[in-house]
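See below for the structure under consideration.
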Amino acid sequence: MAENTNSWFREKILLGKSNRDYIASIATPGNFIAGLIIIFGVIVMIYRLFFGLGPATNLTDNYPWGFWIGFDILVGIALAAPGLTLGTAVHLFGMKKYHHFVRPAILSSLLGYIFAVFALLFDLGRYYRIPYLIGWSWGLSSVLFLIGWHFTLYIIICIIEWSPALFEWLNLRKFREFFNKIAIWATIFGVIIAGGHQSALGGLYLIAPAKLHPLWYSMFLPVFFLLSAIFAGICMVIVESTITHGVFKGQLKNFNQAEFDRRTIGLGTAAAASLFIYFILKIFDLAHSDNWAYLNTFYGFWYLVEVIGFVLLPAMLFASGVRNGNAKLIRLTGFLTVFGVILNRLNVAIFAYNWQFPASMKYYPKWMEISLSIGVVAMLIVAYRFIVNRMAIMHDHPDYESGH
Amino acid sequence: MSINRREFLKRSLTIAGTSLLSGGAIAHAANNPDPSIFSTGNTANEKNWKLWVEKSEALAPVKYGVLVDTTLCIGCRRCEWACNEWNNNPNRPVKEFEASVSQQKSVFNAVRRMHAGNFTVVNRYISSKDGKPIYVKRQCMHCDDPGCLSSCFVDAYRKAKNGPVVHNASVCIGCRYCMVACPFDVPAYEYYAPLNPQITKCTFCFDRISKGSVPACVEICPAGVMTFGKRDDLLKLAYERIGMRPDRYIDHIYGENEVGGTSWLYLSSVPFHEIGLRTDIGKTPIPELTKGYLIGVKMFEIVGAWPLVFGAYYAISKARKKANAGHESSAETEGEGHGGKH
Chain A
509 MAENTNSWFR EKILLGKSNR DYIASIATPG NFIAGLIIIF GVIVMIYRLF FGLGPATNLT
569 DNYPWGFWIG FDILVGIALA APGLTLGTAV HLFGMKKYHH FVRPAILSSL LGYIFAVFAL
629 LFDLGRYYRI PYLIGWSWGL SSVLFLIGWH FTLYIIICII EWSPALFEWL NLRKFREFFN
689 KIAIWATIFG VIIAGGHQSA LGGLYLIAPA KLHPLWYSMF LPVFFLLSAI FAGICMVIVE
749 STITHGVFKG QLKNFNQAEF DRRTIGLGTA AAASLFIYFI LKIFDLAHSD NWAYLNTFYG
809 FWYLVEVIGF VLLPAMLFAS GVRNGNAKLI RLTGFLTVFG VILNRLNVAI FAYNWQFPAS
869 MKYYPKWMEI SLSIGVVAML IVAYRFIVNR MAIMHDHPDY ESGH
Chain B
9 MSINRREFLK RSLTIAGTSL LSGGAIAHAA NNPDPSIFST GNTANEKNWK LWVEKSEALA
69 PVKYGVLVDT TLCIGCRRCE WACNEWNNNP NRPVKEFEAS VSQQKSVFNA VRRMHAGNFT
129 VVNRYISSKD GKPIYVKRQC MHCDDPGCLS SCFVDAYRKA KNGPVVHNAS VCIGCRYCMV
189 ACPFDVPAYE YYAPLNPQIT KCTFCFDRIS KGSVPACVEI CPAGVMTFGK RDDLLKLAYE
249 RIGMRPDRYI DHIYGENEVG GTSWLYLSSV PFHEIGLRTD IGKTPIPELT KGYLIGVKMF
309 EIVGAWPLVF GAYYAISKAR KKANAGHESS AETEGEGHGG KH
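Residue numbers (our numbering), protein chains in the order written: chain A, 509 to 912; chain B, 9 to 350.
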């Protein structure tokens, strides 16, 4: 029995290697750096748990939300949108040509949400009371309540969507068939749920018109957040596929570069369209709220950097890449757009918040806050690699028919 | 010399230690020492919540309020002392509070806000009219339609029938969204409690006023700045005062309509934004700001979901038919089947 377990462990977890071989195979410089980042993150987590938010962060009564909400939640969830965009494209619009991107997209959504919520636990003062929210203490008038519930539901949905790959790995054919059947329904509900809470993250700030800078505050905040999550999701697929096709090249049998480029260009078309719509809405909002006067201020310049440098410019670059069939340009622009979404979320959460404050009273993250967030990102990447190396994420499982 | 050096080392090490080990909250406190930031273990909010649970049904629906006439305040800060005393917040001898007004270097040199260990603060502003100091007491405004209440995702706030907004610490998860939502920056947080941090705020002395008494700050005030009474009566009184002395007051009662009206009302001799009361917060109750969105998203999810579900069902069954009709046609050009075997 013990031998049996051991062989299962060796086969499934150690990729068929002996303990010593496996340890040797993971002792790479990259893993060493990741391990170091994770250790630092864990030290900060322990420090936060023992000493509290005051010593661990730069948060104050004036800045109740800082880097952990801005980066881990607002940025993290926006960048975890690939499951939403690809799920919609393939399962609802029937764009089957993209089905190769679906499993990586769902995995990144699943891990993105799980690790965002994990990081959030350290920001919550009484993290151990999360069940109150789901169980019996319902604040139905709160946007945050909607988000809390939607996160929970969406993680369940992502697990269902991902579980066919899990059961293929465990070789449990019956479970796999069952979950494969319900996965499409999970995807459909996932689209509704994800759309709801992506917009709700913007909706959170509707409550603070006096605190958020007028250039960022808008009645369209939920629409902006949803739209930008859509192109963030598409661009994350471009970015991830660029990275994973480099890193996991060995897993891709009969990989066709021309086909991959064509799909990347297809994604670029969608990104360009959603970026243009977003840009037009942004300008419309600027005109509608008559905020032109703010443009000629420090905050205005920063706003223009965000909207022109990271929305209009990538939109034009995507359009140009699509016209000229330049997949490389589209990949680069994917990175640029993702960076722009990160900038936008941090602007809303930190930079434009309490904008009337003098610079001396403004919040900036403490090193521990950044260390914890980066540690969680490193954990996510390690978990992603761990799963991709073991399960049929990048390719179809040889023993099973295609799930799509 | 050696003592001096030792003393110097000790001090610089303390300063270095404080700035290394602590974040902005302490750094902020170092310029502006306010020990109430570090306060933990507040009991007043929980106590008042329990009392509210007991009494809420029996309360008469008469909204009380307090009228604060900032032109009368002498800056003695006794209200701060009395508040700390009554609510068991960390306190100092009352003389230290009273001394501030005559000190060259005092807490009045910086504008303060409420922190974990104080529910009320008095700030000093210089009048644009005559250059004299104006003292302004701040505390929770006890909104008629409170933003904190609507923002709370575990429903920890209640507006008592007689006016106070009370907080239920026993369900609070510590998300601090109420601090984002509050237009008056009232709720504070026990950042230095690692295990059981609470939101703290003024309770309007619910325990006192529901027994027929007045709030602790109102009771101790030696200058008659605050008048406790029914909100409607207070508004009449405020209009009377403005009418009788239009030279003394500006023609505005802060809190009458701000964010839909508040229980605490203010009179002033200069525009309110000059004495730290924000005039850009509008008349719309804060909960209204998110209500439309919440209805919208729920409508989308309930109404919009069905076309999506049926559309998808249609698409799936069509694909299945196609797959049954012939595997070649569904396999397309990539040599990969979708929904079909290969």
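Backbone N, C-alpha and C fix where the C-beta goes; we use that ideal spot for every residue, glycine too. For clarity, every value in this text was computed on a predicted model and none was experimentally measured.
Residues near residue i by beta carbon distance below 8 Å, same chain, minus five either side
| i | result |
| --- | --- |
| residue 847 of chain A | 818 |
| residue 205 of chain B | 48, 182, 197, 198, 199 |
Within chain B, the residues that residue i reaches when beta carbons sit closer than 7 Å
| i | result |
| --- | --- |
| residue 647 of chain A | 160, 161, 162, 163 |
| residue 653 of chain A | 161 |
| residue 632 of chain A | 181, 182, 183 |
| residue 736 of chain A | None at all; the shortest Cβ gap to chain B is about 17 Å. |
| residue 656 of chain A | 161 |
| residue 450 of chain A | The requested residue 450 of chain A does not occur in the structure, where chain A is confined to residues 509 to 912. |
| residue 730 of chain A | 301 |
Proximal residues of chain A, C-beta to C-beta of residue i below 7 Å
| i | result |
| --- | --- |
| residue 309 of chain B | 700, 704 |
| residue 193 of chain B | 570 |
Residue i vs residue j beta-carbon contact at 8 Å
| i | j | result |
| --- | --- | --- |
| residue 5 of chain B | residue 165 of chain B | Residue 5 of chain B lies beyond the residue range present for chain B, which begins at 9 and ends at 350; the question has no answer from this structure. |
| residue 109 of chain B | residue 86 of chain B | no |
| residue 613 of chain A | residue 654 of chain A | no |
| residue 418 of chain B | residue 152 of chain B | Missing from the structure shown is residue 418 of chain B; chain B here goes from 9 to 350 and no further. |
| residue 148 of chain B | residue 210 of chain B | yes |
| residue 250 of chain B | residue 240 of chain B | no |
| residue 557 of chain A | residue 202 of chain B | yes |
| residue 161 of chain B | residue 633 of chain A | no |
| residue 80 of chain B | residue 231 of chain B | yes |
| residue 125 of chain B | residue 178 of chain B | no |
| residue 570 of chain A | residue 121 of chain B | yes |
| residue 586 of chain A | residue 736 of chain A | yes |
| residue 609 of chain A | residue 884 of chain A | no |
Where residue i meets chain A, residues with beta-carbon distance less than 9 Å
| i | result |
| --- | --- |
| residue 42 of chain B | Near residue 42 of chain B there are no residues of chain A at all, since even the closest Cβ is about 10 Å away, more than 9 Å. |
| residue 298 of chain B | 649, 650, 651, 711, 712, 714, 715 |
| residue 188 of chain B | 572, 573, 712, 713, 715, 716, 719, 861 |
| residue 312 of chain B | 700, 703 |
| residue 204 of chain B | 633, 634 |
Interface residues of chain B facing residue i [CB-CB closer than 8 Å]
| i | result |
| --- | --- |
| residue 638 of chain A | 181 |
| residue 641 of chain A | 161, 162, 181 |
Own chain partners of residue i with C-beta closer than 6 Å, once the 5 adjacent residues on each side are dropped
| i | result |
| --- | --- |
| residue 261 of chain B | 246, 273 |
| residue 905 of chain A | 676 |
| residue 520 of chain A | none |
| residue 268 of chain B | 152, 153, 293 |
| residue 525 of chain A | none |
| residue 907 of chain A | none |
| residue 287 of chain B | 280, 281 |
| residue 91 of chain B | 127, 128, 224, 225 |
| residue 671 of chain A | 687 |
| residue 18 of chain B | With a pLDDT of only 48 at residue 18 of chain B, under 50, the local geometry of the prediction cannot be trusted, and the value read off the model is given with reservation. Same-chain partners within the cutoff: there are none. |
| residue 522 of chain A | 530 |
Contact set for residue i: own chain, Cβ-Cβ below 7 Å, skip 5 residues either direction
| i | result |
| --- | --- |
| residue 882 of chain A | 545, 549 |
| residue 32 of chain B | No answer about residue 32 of chain B holds up, because its pLDDT of 43 lies below 50 and its placement is not dependable. |
| residue 741 of chain A | 589, 590, 592, 593 |
| residue 168 of chain B | 60, 64, 67, 174, 214 |
| residue 683 of chain A | 675 |
| residue 673 of chain A | 611, 899, 900, 901 |
| residue 180 of chain B | 162, 164, 206, 207 |
Contacts of residue i in chain B (Cβ-Cβ under 9 Å)
| i | result |
| --- | --- |
| residue 866 of chain A | Per Cβ cutoff of 9 Å: no residues; residue 866 of chain A is ~11 Å from chain B at best. |
Contacts of residue i in chain A (Cβ-Cβ under 8 Å)
| i | result |
| --- | --- |
| residue 155 of chain B | 715 |
| residue 332 of chain B | Neighbours of residue 332 of chain B on chain A: none; closest Cβ ~14 Å, over 8 Å. |
- Message: Any C-beta of chain A within less than 9 Å: which residues of the segment 228-250 of chain B qualify?
- Response: none
- Listed from N- to C-terminal order along the chain, which residues in the segment 112-145 of chain B have their beta-carbon within a distance smaller than 7 Å of any beta-carbon of chain A? 121, 123
- Contact between the segment 839-854 of chain A and the segment 547-557 of chain A (3+ Cβ pairs under 8 Å): no
- Message: Within 8 Å, do at least three Cβ pairs link the segment 754-773 of chain A to the segment 889-902 of chain A?
- Response: yes
- Message: Three or more C-beta pairs under 8 Å: does that hold for the segment 570-587 of chain A against the segment 203-221 of chain B?
- Response: no
- Message: Against chain B, which members of the segment 542-571 of chain A pass a CB distance test of less than 9 Å?
- Response: 556, 557, 558, 559, 560, 561, 562, 563, 564, 565, 566, 567, 568, 569, 570, 571
- Quick one: which residues of the segment 80-102 of chain B get their C-beta closer than 9 Å to a C-beta of chain A? List them in chain order. none
- Task: Report yes or no: do three or more beta-carbon pairs, one from the segment 619-628 of chain A and one from the segment 761-776 of chain A, lie closer than 8 Å?
- Result: no
- Query: Would you say the segment 700-720 of chain A touches the segment 654-668 of chain A, given that touching needs at least three Cβ pairs under 8 Å?
  - Reply: yes
- Task: Please name the residues in the segment 268-296 of chain B whose beta-carbon is closer than 8 Å to at least one beta-carbon of chain A, in chain order.
- Result: 286, 288, 289, 290, 294, 295
- Message: Below 8 Å, how does it come out for the segment 763-772 of chain A and the segment 791-800 of chain A: are there three or more Cβ pairs, yes or no?
- Response: no
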